[in-house]
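Protein chains in written order, with the numbering used here: chain H, 223 to 338; chain B, 171 to 649. Here's the structure we're looking at; comments come further down.
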């Protein structure tokens, strides 16, 4: 593929993904706005893929510095973004059964619990 | 480099898992599963990437950095208090934006160094740097404001908008100039440029610096009450920056995921500003909450507040037929949700009907109150959204306002000159008695005075929300 073709194909899938993104968030209950923001915050952590790609080809001091910073920031985005979202959503559990039994909140530092 | 068939299929699965994950995040029942589905996609794409760069000699550098990032990210996200979640989202969002800007910078260096730079890539590099840096710097400012490392008030100065406009114009001019002048270099020129490497053009570091400055100046004039909207906007910016790095690196999965977040984040931002009855434009450029003096109406007229005691409020509660709790950020700060639930249980035991009125933007994030009350095991049916609960206030005996302020401010209804005029509010003043639990007479996050406190049917119970509530519980039990 020529560069022009790659670019055009990129624009093509970009516009499709934008369309899907618009459709996905049409009607969402207010209480899920924050978890949704947090969840999409995790998803753009995919820049880590780009950071790794760049880090693989770094070969001089400044290049190494940039690569280290990019990979570190990307990792923080992925890991932190996911854990924050999971902790928010953890708060909604225990309600599915609807039995209203007291469910002590997880202490910070508890491993995420399985649902079943 | 042309990706292999397997790689493309893997990218496809990742893209689908992200879309499906967001789809599941739209319902409380499936939300947690949605987050996990997205995590599977992320692990897959990271695995594919690791396989693609397998040959690199830089692993000794990469692996420890990932390990350190994982430990710091997981520990900080896991140990932070629930009330601090909003600023954590801002912080991690900024990390992603910074990463995108750095990737673009690294690619610009190598493209110029290897003589392959040309405008059909540089445009994406410039956009990635711009959007990523703005998101990075802006998110850090949002974090600092929410963490109260700097004042939450809007910081304004003369010619602020003009300065920002000039800055943006300069950035666009330099970006366009760098895009069109960075041509594929002839062999001779490569020799000339090679020793300079990053000194590709002294304009590039200047460009980056200006972008970071724009991010700071863009968020500084925005008030703390509007931070959720700004964080959501910056979140969609980071998505766009990730998509731009996809164009830079010809990586389709980055383009798809980034575009997905950019688009859904934009819609989410609009939903949030709509919940406050404000346009996004007004949020961005209104310097909301800075004009306090203009609206000090009630206080200036010498209105008086009516302080009350725990005993009086306990009696009111114990013999009410309908009590509506109105939680706000004060409840989150005092971590009083469990005590509130206990008080509500005691009232219900005595035959009092209890409801919770949830304003869409109560707290510092939409849904903030729902999360906290869910944590305290408040049954869903008792949580009522604004439109459902407002008709109930006239027949409520007591409206208990627990650390909420701006969302119950009647100025939004009737003071056309108030900065929050037009924002839909909870009409607590229609209840027979309003009890306001508050630490002091300080203004809310929007920095606007609240005429509610001077109304004849409003009683002020000063003190920490949590201790006030537990004292109330003890007193109600004694009645």
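Just so you know, even glycine gets a beta-carbon here, dropped at the ideal spot from N, CA and C. Small disclaimer: the values here were computed from a predicted structure and weren't measured.
Between the options, which has its C-alpha nearest residue i's C-alpha?
i, options, result
"residue 335 (chain B)", "B:193, B:509, B:547, B:381", "B:381"
"residue 252 (chain H)", "B:453, B:450, B:556", "B:556"
"residue 311 (chain H)", "H:257, H:233, H:225", "H:257"
"residue 600 (chain B)", "B:572, B:562, B:256, B:329", "B:562"
"residue 445 (chain B)", "B:190, B:577, B:289", "B:577"
"residue 642 (chain B)", "B:587, B:535, B:483", "B:483"
"residue 283 (chain B)", "H:280, H:241, H:308, H:232", "H:280"
"residue 423 (chain B)", "B:176, B:181, B:175, B:451", "B:181"
"residue 633 (chain B)", "B:620, B:605, B:626", "B:605"
"residue 522 (chain B)", "B:428, B:490, B:501", "B:490"
"residue 527 (chain B)", "B:569, B:520, B:626", "B:569"
"residue 509 (chain B)", "B:186, B:348, B:638, B:271", "B:638"
"residue 648 (chain B)", "B:288, B:501, B:520", "B:520"
"residue 288 (chain H)", "B:276, B:250, B:232, B:238", "B:276"
"residue 411 (chain B)", "B:251, B:323, B:430", "B:430"
"residue 239 (chain H)", "B:342, B:402, B:428, B:387", "B:428"
"residue 280 (chain B)", "H:236, H:248, H:254, H:282", "H:282"
Whole-angstrom Cβ separation of residue i and residue j, contact assumed at under 8 Å?
i, j, result
"residue 618 (chain B)", "residue 579 (chain B)", "6 Å"
"residue 292 (chain H)", "residue 298 (chain B)", "Actually they are not in contact, since the Cβ atoms of residue 292 (chain H) and residue 298 (chain B) sit about 12 Å apart, beyond 8 Å."
"residue 514 (chain B)", "residue 524 (chain B)", "5 Å"
"residue 498 (chain B)", "residue 572 (chain B)", "6 Å"
"residue 170 (chain B)", "residue 505 (chain B)", "Look at the range of chain B in this structure, 171 to 649, and you will see that residue 170 (chain B) is not part of it."
"residue 645 (chain B)", "residue 389 (chain B)", "With 8 Å as the limit, residue 645 (chain B) and residue 389 (chain B) do not qualify as a contact, their Cβ atoms being about 45 Å apart."
"residue 278 (chain B)", "residue 295 (chain B)", "5 Å"
"residue 587 (chain B)", "residue 620 (chain B)", "With a Cβ gap of about 15 Å, residue 587 (chain B) and residue 620 (chain B) do not count as contacting."
"residue 271 (chain B)", "residue 302 (chain B)", "3 Å"
Cα separation between residue i and residue j?
i, j, result
"residue 211 (chain B)", "residue 183 (chain B)", "7 Å"
"residue 413 (chain B)", "residue 507 (chain B)", "40 Å"
"residue 265 (chain B)", "residue 518 (chain B)", "47 Å"
"residue 229 (chain H)", "residue 222 (chain B)", "21 Å"
"residue 376 (chain B)", "residue 351 (chain B)", "16 Å"
"residue 273 (chain B)", "residue 293 (chain B)", "14 Å"
"residue 417 (chain B)", "residue 234 (chain B)", "28 Å"
"residue 628 (chain B)", "residue 608 (chain B)", "12 Å"
"residue 297 (chain H)", "residue 245 (chain H)", "29 Å"
"residue 495 (chain B)", "residue 419 (chain B)", "53 Å"
"residue 321 (chain B)", "residue 392 (chain B)", "11 Å"
"residue 651 (chain B)", "residue 610 (chain B)", "Not covered by the structure: residue 651 (chain B). The range shown for chain B is 171 to 649."
"residue 255 (chain B)", "residue 209 (chain B)", "20 Å"
"residue 467 (chain B)", "residue 537 (chain B)", "Note that residue 467 (chain B) scores a pLDDT of 42, beneath 50, so its modelled location is shaky; the value from the coordinates is reported in the next line. Cα-Cα distance, rounded: 31 Å."
"residue 227 (chain B)", "residue 374 (chain B)", "28 Å"
"residue 300 (chain H)", "residue 227 (chain H)", "31 Å"
"residue 267 (chain B)", "residue 407 (chain B)", "8 Å"
"residue 630 (chain B)", "residue 623 (chain B)", "7 Å"
"residue 399 (chain B)", "residue 476 (chain B)", "35 Å"
"residue 712 (chain B)", "residue 290 (chain B)", "As displayed, chain B neither begins before 171 nor continues past 649, which places residue 712 (chain B) out of reach and without an answer."
"residue 216 (chain B)", "residue 236 (chain B)", "12 Å"
"residue 192 (chain B)", "residue 304 (chain H)", "13 Å"
"residue 542 (chain B)", "residue 262 (chain B)", "21 Å"
"residue 409 (chain B)", "residue 200 (chain B)", "23 Å"
"residue 310 (chain B)", "residue 258 (chain B)", "10 Å"
"residue 290 (chain H)", "residue 271 (chain H)", "13 Å"
"residue 308 (chain H)", "residue 261 (chain H)", "9 Å"
"residue 657 (chain B)", "residue 285 (chain H)", "This structure cannot settle anything about residue 657 (chain B), because the visible part of chain B is limited to 171 through 649."
"residue 534 (chain B)", "residue 383 (chain B)", "26 Å"
"residue 442 (chain B)", "residue 455 (chain B)", "16 Å"
"residue 500 (chain B)", "residue 190 (chain B)", "36 Å"
"residue 231 (chain H)", "residue 452 (chain B)", "37 Å"
"residue 246 (chain B)", "residue 397 (chain B)", "21 Å"
"residue 176 (chain B)", "residue 287 (chain B)", "29 Å"
"residue 558 (chain B)", "residue 529 (chain B)", "11 Å"
"residue 421 (chain B)", "residue 294 (chain H)", "20 Å"
"residue 304 (chain B)", "residue 241 (chain H)", "24 Å"
Considering only DSSP beta bridges, list what residue i is partnered with.
i, result
"residue 554 (chain B)", "B:527"
"residue 328 (chain B)", "Residue 328 (chain B) pairs with nothing; no bridge assigned."
"residue 569 (chain B)", "B:494, B:604"
"residue 628 (chain B)", "B:604"
"residue 477 (chain B)", "B:630"
Do the segment 528-547 of chain B and the segment 264-274 of chain H touch if we need at least three Cβ pairs shorter than 8 Å?
-> As far as the Cβ criterion goes, the segment 528-547 of chain B does not touch the segment 264-274 of chain H, which means the pair count is below three.
Take every Cβ of the segment 214-232 of chain B, pair it with every Cβ of the segment 271-288 of chain H, and state whether three or more of those distances are shorter than 8 Å.
-> yes
Any 3 or more C-beta pairs closer than 8 Å across the segment 432-443 of chain B and the segment 309-321 of chain B = Too few Cβ pairs lie closer than 8 Å, so no.
Assess, as a yes-or-no matter, whether the segment 193-205 of chain B is touched by the segment 230-249 of chain B under the definition of 3 or more beta carbon pairs within less than 8 Å.
-> no
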